[in-house]
Structure formats: C-alpha cells, structure tokens
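Worksheet: the structure to be examined is printed underneath.
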Ligand SMILES: O=C(O)CCC(=O)C(=O)O
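In this note's numbering, the protein residues as written are 378 to 700.
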C-alpha cells in the first residue's frame, strides 16, 4: 500500500515533504506565534514529556480505572469499502460506552484490533487522576491560551486509521505512547481531495461530515478522483513519537495511523484560531460552519430523542461527544 502511494506521488512529481521540527526549549510564545500560529504552518514540537511517565495501558488503567468512555466501533471491513458508500464516519460511527478497564481488556486480547474499536477524542475533564501539568506547561510555553476544548484522550490498537479530514479549529496532537504516522495536505487542496458534499448534512446530520475526504490517500482511485494527483504534490508526512506534538492549523487535512504493535495513545486539544484574520479568511472553517447549520434539524431531533429515551444521561453524553 505504502509503495503504491509513493509510486503515485512520484508519478505526479510529488515529493512527499516532511514537516519542520523544533525543540520546545528553543521556542518562545513570540517565535511560535510568528513562525507557525500566525501563518498557519504545521510544526512538530519535540521534548514535551522528558521525565514524564509513559501513558501505556497499565498506567492508563491505574489512572482511569472504571471511568466510562464512548468507544467507536469502526469494524475492519470499513476500509475495504468505497467511501462513497459510507453512511457514517468519525464521531458519527456507532459508539458503545465502556469502562476504561473493559476497553483495555479488549485491546490486550486483540478484540479491539479485530473490531477496530477506538477510544477517540474523549475529554479528560473528569479524569483528575491523570497528571497533565507537563502538557499544560508546554501549551503555555507555546503561548497557546485560547482553548476551544479540554484535553482529549485517544487510545487505540496499532493499525487504526483516522481517515483523511480537517478540523475547523487549530489543534495540538501530542503522542503519549507508541507512534503515529500523519499524512498532511494544505487547506488549498480541499477540492483536489474530494470532500463529502456539505448538502449531505441535510440527510445525515453529523453522521457523515463534509470535513472528510472521499479519497483513500494511500490507495487512491485515480479514475474516480483524478484531481487527487495534484493534491499529492503538496503532501507532507510526519511520524510522531512519544513526547512530540504536532501543531495542526485549522483546515489542514490529516490522516492519522497508529503504527507498530499493541496500543497507541495520544492527547489533543482544539484551539480557537488566532489571529482572527486567519479564522475569517479560512474557507474551510466557513464551510464547516455552513455544514453545522444544515445539520441543525438533525441535532435538535437527536437531542429530543435522547432526552426522552430511557438512558437519557448516556444518550445525551454520547450526543455531546459527537458534537
Ligand atoms: O489521533 C487520531 O487518531 C486523530 C487525531 C486527530 O484527528 C486530531 O488530533 O485532530
């Protein structure tokens, strides 16, 4: 698969670029702002977790124990399908609420891999037992001070792929255990990446979001998606190791794959886009907002159904997680 992707990139004279790397100690809020945040340029920041514990399964079980999280069941066959046949993606995929220890047992037994079960974007707000001070110190050193969310945990089996998509907010993705490969494309490539149409939100609500691409970047179907050849010329690839954070500006497309064997964990946070001029001039961001307006009747309906269901609390928290 990898070879096919590289061959395709070479065919289009695309050199798969890498992303700049800098050590946290050499950055100040001013230099981070001028070089990366203001222009909206991705960067890997190294050296965030020196001397910090490894967030492996044992460590997370001790910290999170029986706390419950929604786990998304993607299923292995999903990635064999033409994405145009999908009826759900990302947070729209069916989730089950599990205790962290139950999910950890699934990862250890290989069941999480077989079912491609992923604990994705779960807020750590209630997880006071996990020490996040090193992450917060790093955020301060980068001058990031307009959080749009709390820190979120991502845990999954090696091999899991979060499909190609963009976020309408800036993000920092910090690797805590194991490694992840990230493929990146700039916002300018939006229509060479064939996003799901915005109008889909009228029929599917937030289940099939327009921020996702219909292309599998590592095995593209050029007859269906010919303009993807142009996007390949702008592709960047990064491998994130523990203690490294990727700054992902709003609108940058990313596909994230957990590497190696066993389990992989990361923490991310979304940030309001700053400076505001970058937010206002981002078509990707506007497009995501328009999509939310189209999804509004579904969201309202889902809230009413959740509020009237027998498992009100659980259904409402699942819905909030999806939003
Ligand atoms: O780590 C992942 O699987 C996906 C992370 C992601 O999409 C993000 O940080 O925006």
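All C-beta atoms, glycine included, are put in the ideal place defined by N, C-alpha and C.
Just so it is clear, the structure is predicted and the values come from calculations on it, not from any experiment.
- Remark: the C-beta of residue 633 is in contact range of ligand 1, defined as less than 7 angstroms to any heavy atom.
- Within the model, the alpha-carbon separation for residue 541 versus residue 467 is close to 10 angstroms.
- With contact defined as three or more Cβ pairs closer than 8 angstroms, the segment 390 to 406 and the segment 419 to 432 are in contact.
- Under DSSP, residue 533 shares a beta bridge with 641.
- A distance below 7 angstroms between beta-carbons, with the five flanking residues on each side excluded, links residue 661 to the following residues of its chain, in chain order: 543, 545, 564, 567, 627, 628.
- Minimum Cα-Cα distance from residue 549 among the listed residues 587, 586, 498 corresponds to 498.
- Counting C-beta pairs with one atom in each stretch, the segment 480 to 492 and the segment 532 to 540 have three or more that are closer than 8 angstroms, which means they touch.
- The way I'd put it, the segment 591 to 600 doesn't touch the segment 657 to 671; fewer than three beta-carbon pairs between them come closer than 8 angstroms.
- Remark: C-beta atoms of residue 551 and residue 644 approach each other more closely than 8 angstroms.
- For residue 594, DSSP records no beta bridge to any residue.
- With a minimum length of 4 residues, the unbroken runs of alpha helix (DSSP H) contained wholly in the segment 477 to 550 fall at 477 to 486, 488 to 491, 510 to 518.
- When DSSP states are grouped into helix, strand and coil, residue 613 belongs to the strand group.
- Here residue 557 carries a strand assignment [DSSP, helix/strand/coil].
- Between ligand 1 and the CB of residue 501, the shortest heavy atom gap is not smaller than 7 angstroms.
- Here residue 638 is exposed, its C-beta having fewer than 16 other C-beta atoms within 10 Å.
- Of the residues assessed, residue 640 falls on the buried side of the cut-off, its CB having 16 or more other CB atoms within 10 angstroms.
- Residue 471 is a Cβ neighbour of residue 450, given a cutoff of 8 angstroms.
- A distance criterion of 7 angstroms places the beta-carbon of residue 544 in contact range of ligand 1, judged by its closest non-hydrogen atom.
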